[in-house]
Every structure is written in C-alpha cells, then in structure tokens.
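Visitor: In this text, residue positions in the sequence shown follow full-length UniProt numbering: the first is 1, and each later residue adds one. Just so you know, even glycine gets a beta-carbon here, dropped at the ideal spot from N, CA and C. Pasting a structure here, questions to come.
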Amino acid sequence: MSTARRIRCWLAPYRVRVALALGLTVTACLLTLAVPLLVRELVDRVVIGEDWRELPLLSGALLLVFAAQAGLNLANALIVGRVGLDVVRDLRHGIYERLQRLGLTYYDRTPTGAIISRMMDDVGAIQGFISGQTVTVLTDLGTTAAIGAVLLWQNGWLALVALTFVPLYLLAYRAFLPRIRANSTAIRSKMDRIFGHLKERIDGVQVIKVHAREQAEEEDFATMLGDAHGPRVREARLGAAFANLSGAISALGTASVFAAGAFEVLHGRMTPGGVVAASTLAGMLFGPIGRLADLAYVFEQAGASVDRLGEILDLRPDIVEPAEPIALGRVSGRVEFDRVGFGYAPGRPVVWDVRLRVEPGTKVALVGPTGCGKSTLLNLLMRFYDPTWGEIRLDGTPIRHVATDDLRRQIGVVLQDPVVFRASLAENIRYGNPGATDAQVEAAARAALVHDFAMELPEGYETLVGEGGRPLSQGQRQRLAIARALCVDPAIVVLDEATSSLDTASESAIQEALANLLRGRTAFIVAHRLTTIVDADLIVVMEGGLVVQKGTHDRLITEPNGLYRRLCARQFGLPEAPAMSGFGPAPARIEPARAIAGTPGVPASTLAREAGPLSIPLPDPIPADVRA
Numbered sequence: 001m002s003t004a005r006r007i008r009c010w011l012a013p014y015r016v017r018v019a020l021a022l023g024l025t026v027t028a029c030l031l032t033l034a035v036p037l038l039v040r041e042l043v044d045r046v047v048i049g050e051d052w053r054e055l056p057l058l059s060g061a062l063l064l065v066f067a068a069q070a071g072l073n074l075a076n077a078l079i080v081g082r083v084g085l086d087v088v089r090d091l092r093h094g095i096y097e098r099l100q101r102l103g104l105t106y107y108d109r110t111p112t113g114a115i116i117s118r119m120m121d122d123v124g125a126i127q128g129f130i131s132g133q134t135v136t137v138l139t140d141l142g143t144t145a146a147i148g149a150v151l152l153w154q155n156g157w158l159a160l161v162a163l164t165f166v167p168l169y170l171l172a173y174r175a176f177l178p179r180i181r182a183n184s185t186a187i188r189s190k191m192d193r194i195f196g197h198l199k200e201r202i203d204g205v206q207v208i209k210v211h212a213r214e215q216a217e218e219e220d221f222a223t224m225l226g227d228a229h230g231p232r233v234r235e236a237r238l239g240a241a242f243a244n245l246s247g248a249i250s251a252l253g254t255a256s257v258f259a260a261g262a263f264e265v266l267h268g269r270m271t272p273g274g275v276v277a278a279s280t281l282a283g284m285l286f287g288p289i290g291r292l293a294d295l296a297y298v299f300e301q302a303g304a305s306v307d308r309l310g311e312i313l314d315l316r317p318d319i320v321e322p323a324e325p326i327a328l329g330r331v332s333g334r335v336e337f338d339r340v341g342f343g344y345a346p347g348r349p350v351v352w353d354v355r356l357r358v359e360p361g362t363k364v365a366l367v368g369p370t371g372c373g374k375s376t377l378l379n380l381l382m383r384f385y386d387p388t389w390g391e392i393r394l395d396g397t398p399i400r401h402v403a404t405d406d407l408r409r410q411i412g413v414v415l416q417d418p419v420v421f422r423a424s425l426a427e428n429i430r431y432g433n434p435g436a437t438d439a440q441v442e443a444a445a446r447a448a449l450v451h452d453f454a455m456e457l458p459e460g461y462e463t464l465v466g467e468g469g470r471p472l473s474q475g476q477r478q479r480l481a482i483a484r485a486l487c488v489d490p491a492i493v494v495l496d497e498a499t500s501s502l503d504t505a506s507e508s509a510i511q512e513a514l515a516n517l518l519r520g521r522t523a524f525i526v527a528h529r530l531t532t533i534v535d536a537d538l539i540v541v542m543e544g545g546l547v548v549q550k551g552t553h554d555r556l557i558t559e560p561n562g563l564y565r566r567l568c569a570r571q572f573g574l575p576e577a578p579a580m581s582g583f584g585p586a587p588a589r590i591e592p593a594r595a596i597a598g599t600p601g602v603p604a605s606t607l608a609r610e611a612g613p614l615s616i617p618l619p620d621p622i623p624a625d626v627r628a
C-alpha cells in the first residue's frame, strides 16, 4: 500500500472534520484573493489617483480580510491538530493490538528496540506530519489553484511567465527524492538500535555496575550516537539545500513576473496598480508552491515511518483462529500429543514425532539436555506455535479448533523468570482473572505463601510493585507468579524451570506453594534439577527433539543404557549418592535413533532414513517441506 493511501485510510474516520477544515481553507483562500485586488485599488485610486477619501475604506477592508484569515486559519489548525492527535492515538492502539495478536515467531526475530522505536519515534513523526502539514497542504493546494485562476484572469501573459517556473519545483523534488527516503530509513534503523541498546542496558544496570563498566558503556553509547549523527547531519543538509533551492525558484519567479509586468506598463497595457497586484499574486502563488515542495520533502521523511509502521500493520498472526471455534467449558485436563513435529524454520524440525497421552491430574516431568525440545513442546501445548505436523488434543478436542483465549484460560504458567508488572500486588495476582474478588485473590495468595509477606508491606495487597518486581526478592516474585496461576484456577499447569534460580530456603517455600498449585491438576514440569521431579507420575526424557524414554523415576533409573540414568549420574554423582547406589560406570552416549529403536509405539518407518550413527528419525508420513 502506498504512503499516500495509508495516510488517507488513517484519516478516513475523521472525514467530517477534514471536510470542515477544507471548507475553512476554501473560505480563507477566497479572502486571500481579495488582498491583491484591494492593493491594486489602493495603488491606482489612492497613491496614483490621490483620492485619499478611499484610504479608510480600503485599509479597513484589508484589516478585516487579515483578521478573518487569522481566525479561519486558527480554527483550521485546531481542527487538523486534533485530527492528528486522534490519528496517532488510533495508530498506537492499532499497532499495540497487532503486536498482542502476533505469535512468538515475530518476537523471536524482531529486536525489542525496533518495536519500541516504531511505536514511539515513527508514530511521532507521522503525528508531526499530519498535525503540522495537513493544514499546509489543504491551504496551499486551494490557494495555488485560486491564485493561478485570478492571475490568468488578470493577465494571461504574466500567468504564463509564472507557470513556467512550476516545473522547476518538480525537477528539484525528483532530484532530492531518492536521497531523502533512503536517509530517513537509515535514521530510523539506527534509532531502532539505540532504543534496543538503551532498554538492554537499563535492564542490566546492576551487571554494569558490578563490573565497573560505566565508562565503557558511556563510550559505547557515544559511538552509537555518533553513528546515528551522520545521517542526521545529512538530513539537515538535504533539508537546507532543498529549502534554499525552492526559495531561489520562488524569488526568481516573482522577479520575472514583476519584470514582465513593468514591460507591460511601459507599453501601456497595464497600470502600475495592476503590476503590483500581479506581482503580489505571483508571490502568493510561489509561496504555496514552495511550501508544497517543502511538504513533499517532509512527506518523504514521514514516508519512511509510514513504511515501517505498515510492516507491522500488514503482518498476519501465525496462529490462525478457527472460523467456528469449539467452546471447551471446564476441561478435565487430558492431553494428547499425536505424532507431533515442529520446526522454527522450514525443513529444520526441533521436535520429532512426539506421541504422548496424559490423563487428568497426572504430573508429567520433561527432562533432557538443553535444546532438546522440552520448552518447545510446552509452547506447542499453549499454542504459541502450531505443529508442523501432527495434532495436539485437549479432552479429545484438537486445540487448532479452539479459540486461543479459551485454550489459554485452561492453563496456568509459572516461568523461571516470573514477570511482575508495575501494579499493585492484588492487580498482579488477578492479572489472568480480572474479575476475581478480593477473597479469591487472598485465597490464591495464601495458597502460594504470599499472604504473610504481603501483610508486611506498607499497603498490604494494594502496595505498588515496581518495574521488574522491585523490591520483591526472587522467591517472592516466584510465589507471586504461583498466586497468579492459582487465581486463574486452571485445569493444566505448566512449570518451566520454576525453581532453578532459587536458593534452598526459597525453594522449600516454593515447593510448598507449588504443591498447592498442582493438587488435582494436570501438570507439565520442565526441570534440569532432577531432585525436583523424582516423584512425578510420568517422566518424559527427550534428546534431539525425540522422546527417547518414558516412565517413572524408579523404572527409568533401572534402565542401564538410558539417558535418564546418565543424567541422574551426572547430577547426583557416582557411586556416592544413595539414590544412585548400585550404578556401574556411566554408559557410553547412545544416539537418538538407537535410543528409540524398539520403543513401544514407534513404527519401523521412523528409522527408515538412516544416515550413519547420527541418523534422526522422521515421522511417517513426512511433510514435504521437511523432506525437502
């Protein structure tokens, strides 16, 4: 979509106000045309004709015209300025709404600074264009057309002289156009980097101070500012050159009209007042044309911002909502992964042929080396991504057929780094359930062991928590996240490394809170600390995106060549750890393809694509884009 068309679409809801502004503009233009005519009468009747009786009337008429113009222009500016503010509000809301609907794929590949820069810097540039330039373009377009018509009526020859300079503006615009747009795009790109750098460094200020890197950070930031300064300087130079060239064309055009008018006076074809009027009209003509040329320059600058915002507004969510979603109601929590595979990039799956059936109330632990697909599997369950192949069902219903809001209301999540918003303690707890009563909030807080420390805060549950959860400790923030999940009353709970960053004392309190959260609910737990999951009902061991083992701790620990036994051996030590008594030497590493050979439920076709000892099994049938 072109820049002009996008701006028209953004202005469309305010067409009535824009039409009113246009009406005021037309009226102001008509009054503008009266000025040179009154000046002509002043020169011919008062100055040359020495009829001083006309002076008060003509002077008063000029004053009234100027006063009316000022009033109309003020009303016009107020109307269009408000339209600009409303458009910016709509834009920011629309962009934020689109960002909320986009899948995690967009955030995986887009730096935070680029998003913030578009939301603030680019939208601000468009606000300046609409509020400051829309008035100009409406006024100057109308003025140019009206003055050209009057000048043509006054003297066709002088009108022709004036119009010969109009193409020069177009040539100047075409000469500067490519450099203006390219330079503006470069500036916006560098601002993306600066915004991202600022956010990252502000978030990491404690690390900077711990390592005494303040001076180095100042120097790095100065370098980034210097890198962005060059395009800013070029922008200023381009603007100055374009404005001066436009001004020179206007001055040359006005002088040419005056010279041609003087020639007409010498030959008796015009009066001196007519020449003054024509020269005034020419000046009034070139002024708006010059401003329109300047507007074209600003339009190209804003065009870079319009394009960047358009990139977001044109994006479509990766997760497509079903046309006729199935309502879940209250689910029991039975989850099935039916031959599920997924890759973040085409042809590069990270989860392979996962088959898993979890009954309601089952506590499932996902373990395995870093990058084996544990968190990815949970992201698929929450439908942050859709499987490349296979199907996930909740209580027998494919989750693709369920509205994402409905699905996610069934799931409570506690992450390794809990997100705490700048809001009161109570607002953070009821975030996933805005309609929760104070009693429900307190019940969730008590179950998550939040109540006691909440009562020690200055305003209890209404105490404002700072950005990032300050001044709460890591353990308190984690318990707050558990309370938030409890307040939702989910059928399914997802714990992704929920206790990995806690000390022993904090972990003890968290484990008690988690026990309250998990009671009677289906749970999926990702943990590297195997001591936290030995009592899970089902342990799913993953390697290279494959499920290589399934079972309880007692069963898996007895499999001599199993990956789970090796992981336990590395964490608990051999042979000292009591839980590991009876272990022999750690077995050699086995490959994924061999690990699943003979596993119940895995067909022979999964091992069909042998490529030596590192072969990776593929599902049958295999999607074409994966085989490619």
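Find the nearest neighbour of Gln511 within the set Pro349, Asp489, Ala483, judged by alpha-carbon distance.
Guide: Locating residue 511 in the sequence shown gives position 511, counting from the first residue. When only C-alpha atoms are compared, the closest one is Ala483.
Visitor: Write down every uninterrupted run of the alpha helix (DSSP H) in the region 426-504 whose length is 4 residues or greater and which is fully enclosed by it, in chain order.
Guide: 438-447, 451-455, 474-488
Visitor: What whole-angstrom Cβ distance do Thr143 and Thr32 have, given they're in contact under 8 Å?
Guide: Start at 1 with the first residue of the sequence shown, and residue 143 comes out as number 143. Start at 1 with the first residue of the sequence shown, and residue 32 comes out as number 32. About 6 Å separates the CB atoms of Thr143 and Thr32; that is less than 8 Å, so the two are in contact.
Visitor: Looking at C-alpha atoms only, which residue of Ala34, Thr223, Ala527, Ile289 is the closest neighbour of Leu170?
Guide: Within the sequence shown, numbered from 1, the residue matching residue 170 stands at position 170. Of the listed residues, the one whose Cα sits closest to Leu170 is Ile289.
Visitor: Within the same chain, show all residues whose beta-carbon is closer than 8 Å to that of Leu415, passing over the 5 residues directly before and after it, in chain order.
Guide: As a position in the sequence shown, residue 415 is number 415, starting the count at 1. Around Leu415: Ala481, Asp496, Glu497, Ala498.
Visitor: Quick check for students: name the residue ranges of the alpha helix (DSSP H) that lie wholly in the region 362-431, counting only runs of 4 or more.
Guide: 374-381, 404-408, 425-429
Visitor: Taking Cβ positions only, does Leu91 come closer than 8 Å to chain D?
Guide: Absence of chain D from the displayed structure is noted, only one protein chain being present.
Visitor: What is the rounded straight-line gap between the Cα of His197 and the Cα of Lys209?
Guide: Sequence index remark: in the sequence shown, residue 197 carries index 197 (1-based). Sequence index remark: in the sequence shown, residue 209 carries index 209 (1-based). Using only the alpha carbons, I get a separation of about 16 Å.
Visitor: Looking at the strands, I want to know which residues DSSP matches up with Met542.
Guide: Here residue 542 refers to the residue found at position 542 when the sequence shown is read from its first residue. Met542 is bridged to Val547.
Visitor: Just confirm the distance between the C-beta atoms of Ala491 and Gln410, as a whole number of angstroms; I'd bet it's less than 8 Å.
Guide: Here residue 491 corresponds to residue number 491 of the sequence shown, with the count starting at 1. Here residue 410 corresponds to residue number 410 of the sequence shown, with the count starting at 1. Confirmed, about 5 Å.
Visitor: Return yes when the Cβ of Ala515 is within less than 8 Å of the Cβ of Ala448, no when it is not.
Guide: Here residue 448 refers to the residue found at position 448 of the sequence shown. Here residue 515 refers to the residue found at position 515 of the sequence shown. For Ala448 and Ala515, no; Cβs fall outside 8 Å.
Visitor: Could you tell me whether the Cβ atoms of Thr404 and Ile319 are closer together than 8 Å?
Guide: Here residue 404 refers to the residue found at position 404 when the sequence shown is read from its first residue. Here residue 319 refers to the residue found at position 319 when the sequence shown is read from its first residue. Result yes, Cβ atoms of Thr404 and Ile319 sit closer than 8 Å.
Visitor: Am I right that Pro36 and Leu281 are in contact with their C-beta atoms under 8 Å? What's the rounded C-beta distance?
Guide: As a working note, residue 36 is residue 36 in the sequence shown. As a working note, residue 281 is residue 281 in the sequence shown. Correct: roughly 5 Å between the Cβ atoms.
Visitor: Using the C-alpha atoms, what's the distance from Tyr14 back to Leu309?
Guide: Here residue 309 is taken as the residue at index 309 of the sequence shown, counted from 1. Here residue 14 is taken as the residue at index 14 of the sequence shown, counted from 1. Near 20 Å, if we compare the C-alpha coordinates of Tyr14 and Leu309.
Visitor: Would you say Val275 and Gly253 are within 8 Å of each other, going by their C-beta atoms?
Guide: Position 275 of the sequence shown, counted from the start, is the residue given in the question as residue 275. Position 253 of the sequence shown, counted from the start, is the residue given in the question as residue 253. No, they are not a contact pair.
Visitor: Just to confirm, are Ala536 and Val364 a CB contact at a threshold of 8 Å?
Guide: Indexing the sequence shown from 1 puts residue 536 at position 536. Indexing the sequence shown from 1 puts residue 364 at position 364. Yes, Cβ-Cβ distance for Ala536 and Val364 is below 8 Å.
Visitor: Should the region 324-344 be called in touch with the region 374-384, which here means at least 3 C-beta pairs below 8 Å?
Guide: yes
Visitor: Can you tell me the Cα-Cα spacing of Leu163 and Asn244, whole angstroms?
Guide: The count along the sequence shown starts at 1 and reaches residue 163 at position 163. The count along the sequence shown starts at 1 and reaches residue 244 at position 244. Roughly 20 Å between the two C-alpha positions.
Visitor: On a Cα-Cα basis, can you pick out the residue from Val331, Leu381, Pro346 that is closest to Arg355?
Guide: For the purposes of this step, residue 355 is taken as the residue at position 355 of the sequence shown. Among Val331, Leu381, Pro346, the Cα nearest to that of Arg355 belongs to Leu381.
Visitor: Assuming Ile130 and Val87 form a contact by the criterion Cβ under 8 Å, report the distance between their Cβ atoms to the nearest whole angstrom.
Guide: Taking the first residue of the sequence shown as position 1, residue 130 is located at position 130. Taking the first residue of the sequence shown as position 1, residue 87 is located at position 87. Val87 and Ile130 do touch by the CB rule: their CB atoms are close to 6 Å apart, below 8 Å.
Visitor: Can you tell me whether DSSP reads Gly333 as helix, strand or coil?
Guide: Within the sequence shown, residue 333 is the residue found at index 333, counting from 1. If DSSP states are grouped into helix, strand and coil, Gly333 belongs with coil.
Visitor: Buried or exposed for Val306, going by 16 or more other Cβ atoms inside 10 Å?
Guide: For the purposes of this step, residue 306 is taken as residue 306 along the sequence shown, with counting starting at 1. Val306 should be labelled buried.
Visitor: Using C-beta distances below 7 Å, list every residue in its chain close to Tyr461, excluding the 5 sequence neighbours before and after it, in chain order.
Guide: Against the sequence shown, residue 461 aligns to sequence position 461. Cβ within range, chain order: Ser424, Leu425, Ala426, Val441, Ala454.
Visitor: Please name the residue, chosen from His93, Phe195, Thr370, Arg232, that lies closest to Gly113 on a Cα-to-Cα basis.
Guide: Position 113 of the sequence shown, counted from the first residue, corresponds to residue 113. Of the candidates His93, Phe195, Thr370, Arg232, the one whose C-alpha sits nearest the C-alpha of Gly113 is Phe195.
Visitor: Which residues in the same chain as Pro111 place their Cβ atom closer than 7 Å to its Cβ, once the five residues preceding and following it in sequence are excluded?
Guide: Residue numbering aside, residue 111 sits at position 111 when the sequence shown is read from its first letter. Once the five neighbours on either side are set aside, the close Cβ partners of Pro111 are Asp192, Gly196.
Visitor: For the alpha helix (DSSP H) containing Val88, list its first residue and its last residue.
Guide: Start at 1 with the first residue of the sequence shown, and residue 88 comes out as number 88. Its alpha helix (DSSP H) spans residues 55-101.
Visitor: Since I believe Gly268 is in contact with Ile48 (beta carbons under 8 Å), could you give me their beta-carbon distance rounded to a whole number of angstroms?
Guide: Counting from 1 along the sequence shown, the entry for residue 48 is found at position 48. Counting from 1 along the sequence shown, the entry for residue 268 is found at position 268. The pair is not a contact, with the Cβ atoms about 14 Å apart (cut-off 8 Å).
Visitor: For Glu97, which of Gly247, Ile115, Pro231 has the nearest alpha-carbon?
Guide: Start at 1 with the first residue of the sequence shown, and residue 97 comes out as number 97. Taking only the C-alpha atoms, the option nearest Glu97 is Ile115.
Visitor: Here's the rule I'm using: 16 or more other beta-carbon atoms within 10 Å means buried, otherwise exposed. How should Ala445 be labelled?
Guide: Position 445 of the sequence shown holds residue 445. Ala445 comes out buried.
Visitor: Assuming contact is defined by CB atoms lying nearer than 8 Å, are Pro317 and Arg101 in contact in what I supplied?
Guide: For the purposes of this step, residue 317 is taken as residue 317 along the sequence shown, with counting starting at 1. For the purposes of this step, residue 101 is taken as residue 101 along the sequence shown, with counting starting at 1. Result yes, Cβ atoms of Pro317 and Arg101 sit closer than 8 Å.
Visitor: Near Ala75, which residues of its chain fall below 6 Å by C-beta distance, leaving aside the five closest residues on each side in sequence?
Guide: Position 75 of the sequence shown, counted from the first residue, corresponds to residue 75. Excluding sequence neighbours, Ala75 sits near Leu24.
Visitor: Is the region 181-191 in contact with the region 146-159, if contact means three or more CB pairs nearer than 8 Å?
Guide: no
Visitor: In angstroms with no decimal places, state the Cα-to-Cα distance between Leu538 and Ala443.
Guide: Against the sequence shown, residue 538 aligns to sequence position 538. Against the sequence shown, residue 443 aligns to sequence position 443. Their backbone Cα atoms lie some 29 Å apart in a straight line.
Visitor: If you count every other CB in all the chains shown that lies within 10 Å of the CB of Tyr564, and 16 or more means buried, which is it?
Guide: Walking along the sequence shown from the start, residue 564 turns up at place 564. Tyr564 is classed as buried because its beta carbon has at least 16 other beta carbons within 10 Å across all chains shown.
Visitor: With DSSP collapsed to three states, give me the class of Leu315.
Guide: Counted from its first residue, the sequence shown places residue 315 at position 315. Looking at Leu315 - three-state DSSP - the assignment turns out to be coil, as it is neither helix nor strand.
Visitor: On the criterion of 16 or more Cβ atoms from any shown chain inside 10 Å, does Arg521 qualify as buried, or is it exposed?
Guide: Here residue 521 refers to the residue found at position 521 when the sequence shown is read from its first residue. Flag for Arg521 reads buried.
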